[in-house]
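> Going line by line, the protein sequences match chains A and B. Residue 109 in our numbering sits at position 109 of the first sequence; the count goes up by one each step and never skips. Take any residue in the second sequence, count from 1 to its spot, add 1000: that is its number in our numbering. Please read through the structure below; I'll follow up with questions.
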Amino acid sequence: MSALDNLRDTFRRDQVFDFMRQGTRAVAPGQLDSGSGKNILYLEDITVSFDGFKALNDLTLYIQTGELRCIIGPNGAGKSTMMDVITGKTRPDSGTCFFGQTLDLTAMSETDIAMAGIGRKFQKPTVFPEHTAFENLELAMNGPRGPWHSLFTRLSGEQTSWIEDTLATVGLLEDRHKVAGLLSHGQKQWLEIGMVLMQKPQLLLVDEPIAGMTRQEVERTGELLKSLAGKHSVVVVEHDMEFIRSIASTVTVLHQGSVLAEGTMEQVQNDPKVIEVYLGE
Amino acid sequence: MRDSTFKSAFSDRTAKTFMGVLLGATLVVTLLNQFFPPDSSLHVSAYTVTLLGKYLCYALLALSLDLVWGYCGILSLGHGAFFALGGYAMGMYLMRQIGDRGVYGNPELPDFMVFLNWSELPWYWQGFDQFWFAALMILLVPGLLAFVFGWLAFRSRVTGVYLSIITQALTYALMLAFFRNELGFGGNNGLTDFKELLGFSLQSDSTRVGLLIATALSLAMAFVLCRWITGSKLGRVVMAVRDAESRARFVGYRTEHYKLWIFTVSAILAGIAGALYVPQVGIINPGEFSPLNSIELVVWVAVGGRATLYGAVIGAILVNYGKTVFTGVMPEAWLFALGGLFVAVTVFLPQGLVGLVSQRWAALRKQFPPKNTNNDTLTPAEGEAP
């Protein structure tokens, strides 16, 4: 058994082929290292089953640093389960899930994953309903998270203007003192995107961002997501094909828990397999 | 000014009003008791002074529950346990103060131990002859129990009604344990026959007034402390945990640490309340652990109004005043009245009395709007450091 452990240690992701990584910075275990690879997220051979039903079936997927990736697929294709695996809500039965080169997400808690730089916007907008928009962003703000720190901390001017900048980005500056429970549905979605941004994530997971939005709100959301790519890596799960066409660079189609096709929107739309299971119905 | 500090919590308007009313009333009662002869119609009897002191202890206990229930959504049905533990710690000190004035005249052992033929003081009674040690235990014992209990419960993500049930079980188990003579806390009879506290006779009027003042000051300090906590970022995180716990977790907060923190602080406050209560009523027995006490406590907070702090205080005082009056007139009906009150408040006044008053106030303001109305909605108050 210990021989196997040794072998594993030799083949640790951050140590293998060290000679090939000369000149790149050394990374301590437990720290995000996205600098030495072009991908930021590695999902390999992930299988998740619920009572025999395979929600994810040998899913292998890579997300590049800074890209805007759209994930589509019919209901039950495993989109939300995939998000759950990445954020630590669901543990895979088998397979590996790495954030950067070093962080094994399958061994980390939800909180640790959030702190490592993965932010998630849920399908149903979940904000803190009794807090104002401003306070929602303040709570989400990147920084120490301990109770004692929270008791003694006070907002600096810098932090206040950061929060206000983010409020402006998501179009809520006017309503910043409004209690979040009273915001419209679309505003809540934006507020939640703002909260995810305040965590300074490397990777943003956005689950159905335009559900229940008006036409103009959809357009603004598209602009917002496009402007976020580059600085962050963004993964969007959506049903609305038109919306995806308007923002996507790369599209991944999931079907029955694994990747069916991947490419530009054009390629994917013309793929006979995709037409058969999803678009052609 | 958004984030409160301990200093700013002192000077905010609610805290000032609260302290003003509380300390003012205490001062008036003190003067009426001390400076008017017993036959004067303005004289306040020592009985009333002690009764008021008792109410204020209950108010402090209600405040501690409001902190966990109102702000963090943890409905503890076992807060009476922390109150009783603080009370027992104080009771042990008072027992040791009796010395050789007990019935059996043993300078070392309390009466009930002599009665049980014990030859020496158990190890856990050591040190309680010192007030500083007892004071430390008043804070430590409830705090430690809450910490261990909370650590186990919150780490396993026990929430909602399950948590309420196990807190209830906790206080019930402690009650059964304290009923046993072998445990060394006086069994069924508890600890009583206290003589003096810090050298002051507990029977004298001035000591009773002193205890009332001490209780009022403790309540005022606890109120400021709670205002500080709830006004800080910690308070906002705790409320976020109450409203959307899993969201708070995804934002990166270890919600179990926050719950544990607030639960422990609350238990310590409850322990202080118990410690102030015991010298005023002159007895502590296992009945204080009874689940019924903890449930009554929940009713006080619900009647006053949750998550306002002063609501809990008002609720505790009003319900207990009602209890005093009611049990004098028709004692057998009190429990029905209490039950009816709880149902009525839950159905008709989900925000409690405080909520009712502020609703009426808002309605009045709508009807008769003050002259300068339109400039207080959009004032950006944050970020301006003093």
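Even glycine gets a Cβ: it sits at the ideal position worked out from N, Cα and C.
Just to confirm, is the Cβ distance from Gln1168 of chain B to Leu1077 of chain B under 7 Å?
In the second sequence, counting from the first residue as 1, residue 1168 of chain B sits at position 168. In the second sequence, counting from the first residue as 1, residue 1077 of chain B sits at position 77. Result yes, Cβ atoms of Gln1168 of chain B and Leu1077 of chain B sit closer than 7 Å.
> Please list the partners that Met1239 of chain B has in chain A, where partner means a Cβ-to-Cβ separation under 8 Å.
In the second sequence, counting from the first residue as 1, residue 1239 of chain B sits at position 239. By Cβ distance, chain A contributes Phe128, Glu130 and His131.
> With DSSP run on the structure shown, which of helix, strand or coil describes Gln1203 of chain B?
Against the second sequence, residue 1203 of chain B aligns to sequence position 203. Note: Gln1203 of chain B maps to coil in three-state DSSP.
> Could you list the residues in the region 151 to 169 of chain A with a C-beta less than 7 Å from some C-beta on chain B, going in chain order?
Leu151, Thr153, Arg154, Leu155, Gly157 and Thr160
> Looking at the structure shown, is Cys1072 of chain B part of a helix, part of a strand, or coil, going by DSSP?
Numbered from 1 along the second sequence, position 72 holds the residue referred to as residue 1072 of chain B. DSSP, read as helix, strand or coil, puts Cys1072 of chain B in coil.
> Within 10 angstroms of its Cβ, does Glu238 of chain A collect 16 or more other Cβ (buried), or is it exposed?
On the first sequence, residue 238 of chain A is found 238 positions in, with the first residue counted as 1. Classification of Glu238 of chain A: buried, given that the 10 Å Cβ count is 16 or more.
> Give the straight-line distance between the Cα atoms of Ser1232 of chain B and Ser1004 of chain B, rounded to the nearest whole angstrom.
Sequence index remark: in the second sequence, residue 1232 of chain B carries index 232 (1-based). Sequence index remark: in the second sequence, residue 1004 of chain B carries index 4 (1-based). C-alpha separation (whole angstroms): 5 Å.
> Which residues bound the alpha helix (DSSP H) around Ile1314 of chain B?
Here residue 1314 of chain B corresponds to residue number 314 of the second sequence, with the count starting at 1. Unbroken alpha helix (DSSP H) run through Ile1314 of chain B: Tyr1310 to Val1329.
> Quick one: is Val1158 of chain B near chain A, going by C-beta distance under 7 Å?
For this step, residue 1158 of chain B is matched to residue 158 along the second sequence. No, no contact with chain A.
> Does any CB atom of chain A fall closer than 7 Å to the CB of Asp1376 of chain B?
Residue 1376 of chain B sits at position 376 when you count from the first residue of the second sequence. With a pLDDT of only 44 at Asp1376 of chain B, under 50, the local geometry of the prediction cannot be trusted, and no value is derived from it.
> On the three-pair Cβ rule with 8 Å, is the region 62 to 72 of chain A touching the region 37 to 47 of chain A?
yes
> Sorted by chain position, which residues of the same chain lie with C-beta nearer than 6 Å to Gly1311 of chain B's C-beta, five sequence neighbours on each side aside?
As a working note, residue 1311 of chain B is residue 311 in the second sequence. These residues qualify, in order along the chain: Gly1304, Gly1305, Gly1352 and Val1354.
> Spatial neighbours of Asn1320 of chain B within its chain, please: CB distance less than 7 Å, with the 5 preceding and 5 following residues excluded, ordered by chain position.
Start at 1 with the first residue of the second sequence, and residue 1320 of chain B comes out as number 320. Non-local beta-carbon contacts of Asn1320 of chain B in its own chain, meaning distances under 7 Å to residues more than five positions away in sequence, involve Tyr1055 and Tyr1058 in chain order.
> Need the endpoints of the beta strand (DSSP E) that Asn39 of chain A sits in, please.
One-based indexing of the first sequence puts residue 39 of chain A at position 39. Counting along the chain, the beta strand (DSSP E) containing Asn39 of chain A begins and ends at Asn39 to Phe50.
> On the three-pair Cβ rule with 8 Å, is the region 253 to 263 of chain A touching the region 78 to 94 of chain A?
yes
> Mind listing the chain A neighbours of Gly1252 of chain B? Cutoff is C-beta to C-beta under 7 Å, in chain order.
Residue 1252 of chain B sits at position 252 when you count from the first residue of the second sequence. Chain A residues near Gly1252 of chain B: Thr111, Ala114, Met115, Arg145 and Gln199.
> List, in chain order, every chain A residue whose beta-carbon is nearer than 8 Å to that of His1257 of chain B.
As a position in the second sequence, residue 1257 of chain B is number 257, starting the count at 1. Neighbours of His1257 of chain B on chain A, chain order: Gly146 and Pro147.
> Could you pull out every residue in the same chain whose Cβ sits closer than 7 Å to the Cβ of Glu1108 of chain B, ignoring the five residues on either side in sequence?
For the purposes of this step, residue 1108 of chain B is taken as residue 108 along the second sequence, with counting starting at 1. Excluding sequence neighbours, Glu1108 of chain B sits near Leu1121.
> Which stretch, first to last residue, makes up the alpha helix (DSSP H) that contains Tyr1277 of chain B?
Taking the second sequence and counting its residues from 1, the one referred to as residue 1277 of chain B is at position 277. Run containing Tyr1277 of chain B: Thr1255 to Val1281, per the alpha helix (DSSP H) assignment.
> Going by alpha carbons, who is nearest to Ser1206 of chain B out of B:Phe1035, B:Met1175 and B:Thr1324?
Indexing the second sequence from 1 puts residue 1206 of chain B at position 206. Out of B:Phe1035, B:Met1175 and B:Thr1324, B:Phe1035 has the C-alpha closest to the C-alpha of Ser1206 of chain B.
> How close, in whole Å, do the beta carbons of Cys1072 of chain B and Lys1323 of chain B come, if the pair is a contact with beta carbons under 8 Å?
As a working mapping, residue 1072 of chain B is identified with position 72 in the second sequence. As a working mapping, residue 1323 of chain B is identified with position 323 in the second sequence. That belief does not hold up - the Cβ atoms of Cys1072 of chain B and Lys1323 of chain B are roughly 27 Å apart, past 8 Å.
> So, is the C-beta of Ser1232 of chain B closer than 7 Å to a C-beta in chain A?
The count along the second sequence starts at 1 and reaches residue 1232 of chain B at position 232. Closer than 7 Å to some Cβ of chain A, the Cβ of Ser1232 of chain B qualifies, so yes.
> Whose C-alpha, out of B:Thr1346, B:Phe1131, B:Pro1350 and B:Gly1187, is nearest the C-alpha of Leu1198 of chain B?
The count along the second sequence starts at 1 and reaches residue 1198 of chain B at position 198. Of B:Thr1346, B:Phe1131, B:Pro1350 and B:Gly1187, the residue nearest in Cα terms is B:Phe1131.
> Could you check which residue in A:Val127, A:His177, A:Asn57 and A:Ser227 has the C-alpha nearest to that of Ile247 of chain A?
If you number the first sequence from 1, residue 247 of chain A lands on position 247. The option with the nearest alpha carbon to Ile247 of chain A is A:Ser227.
> Quick one: using the 10 Å Cβ neighbour count with 16 as the cut-off for buried, is Ser94 of chain A buried or exposed?
Walking along the first sequence from the start, residue 94 of chain A turns up at place 94. Label assigned to Ser94 of chain A: exposed.
> Under the assumption that Leu225 of chain A contacts Val206 of chain A (Cβ atoms under 8 Å), give the Cβ distance between them as a whole number of angstroms.
Your numbering for residue 225 of chain A matches position 225 in the first sequence. Your numbering for residue 206 of chain A matches position 206 in the first sequence. Between Val206 of chain A and Leu225 of chain A the Cβ distance is about 7 Å, and since that is below 8 Å, they are a contact.
> Starting from the beta carbon of Arg1236 of chain B, find every residue of chain A whose beta carbon is closer than 7 Å, and list them in chain order.
What you label residue 1236 of chain B is simply residue 236 of the second sequence in a count that begins at 1. Against chain A, the beta carbon of Arg1236 of chain B has neighbours under 7 Å at His131, Glu135 and Leu139, listed in chain order.
> Should the region 1128 to 1142 of chain B be called in touch with the region 1092 to 1103 of chain B, which here means at least 3 C-beta pairs below 8 Å?
yes
> Any beta carbon from chain B within less than 7 Å of Arg120 of chain A's own beta carbon?
In the first sequence, the residue the question calls residue 120 of chain A occupies position 120. Output row for Arg120 of chain A: interface = yes.
> Within the same chain, show all residues whose beta-carbon is closer than 6 Å to that of Gly1053 of chain B, passing over the 5 residues directly before and after it, in chain order.
Working through the second sequence from its first residue, we reach residue 1053 of chain B at position 53. Excluding residues within five positions, the ones whose Cβ falls inside 6 Å are Leu1211, Leu1212, Thr1215 and Gln1280.
> Are the beta-carbon atoms of Leu204 of chain A and Ala133 of chain A separated by less than 7 Å?
Position 204 of the first sequence, counted from the first residue, corresponds to residue 204 of chain A. Position 133 of the first sequence, counted from the first residue, corresponds to residue 133 of chain A. Going by C-beta atoms, Leu204 of chain A is not nearer than 7 Å to Ala133 of chain A.
> Please report the straight-line C-alpha distance between Ala1220 of chain B and Val1298 of chain B, rounded to a whole angstrom.
Looking up residue 1220 of chain B in the second sequence gives position 220. Looking up residue 1298 of chain B in the second sequence gives position 298. Each residue's alpha carbon lies about 21 Å from the other.
> Quick one: what's Cys70 of chain A bridged to in DSSP?
Mapped onto the first sequence, residue 70 of chain A falls at position 70. DSSP lists A:Val236 and A:Val251 as partners of Cys70 of chain A.
> Can you grab the Cα-Cα spacing for the pair Ile193 of chain A / Leu1309 of chain B, in whole Å?
Position 193 of the first sequence holds residue 193 of chain A. Position 309 of the second sequence holds residue 1309 of chain B. Taking the straight line joining both Cα atoms gives about 33 Å.
> At what residues does the beta strand (DSSP E) containing Arg120 of chain A begin and finish?
For the purposes of this step, residue 120 of chain A is taken as the residue at position 120 of the first sequence. According to the DSSP assignment, Arg120 of chain A belongs to the beta strand (DSSP E) that extends over Ile118 to Lys121.
> Can you tell me the Cα-Cα spacing of Gly1194 of chain B and Phe1200 of chain B, whole angstroms?
Counted from its first residue, the second sequence places residue 1194 of chain B at position 194. Counted from its first residue, the second sequence places residue 1200 of chain B at position 200. The amino acid at residue 1194 of chain B is misidentified as Gly; the sequence shows Phe. Their Cα atoms are separated by approximately 11 Å.
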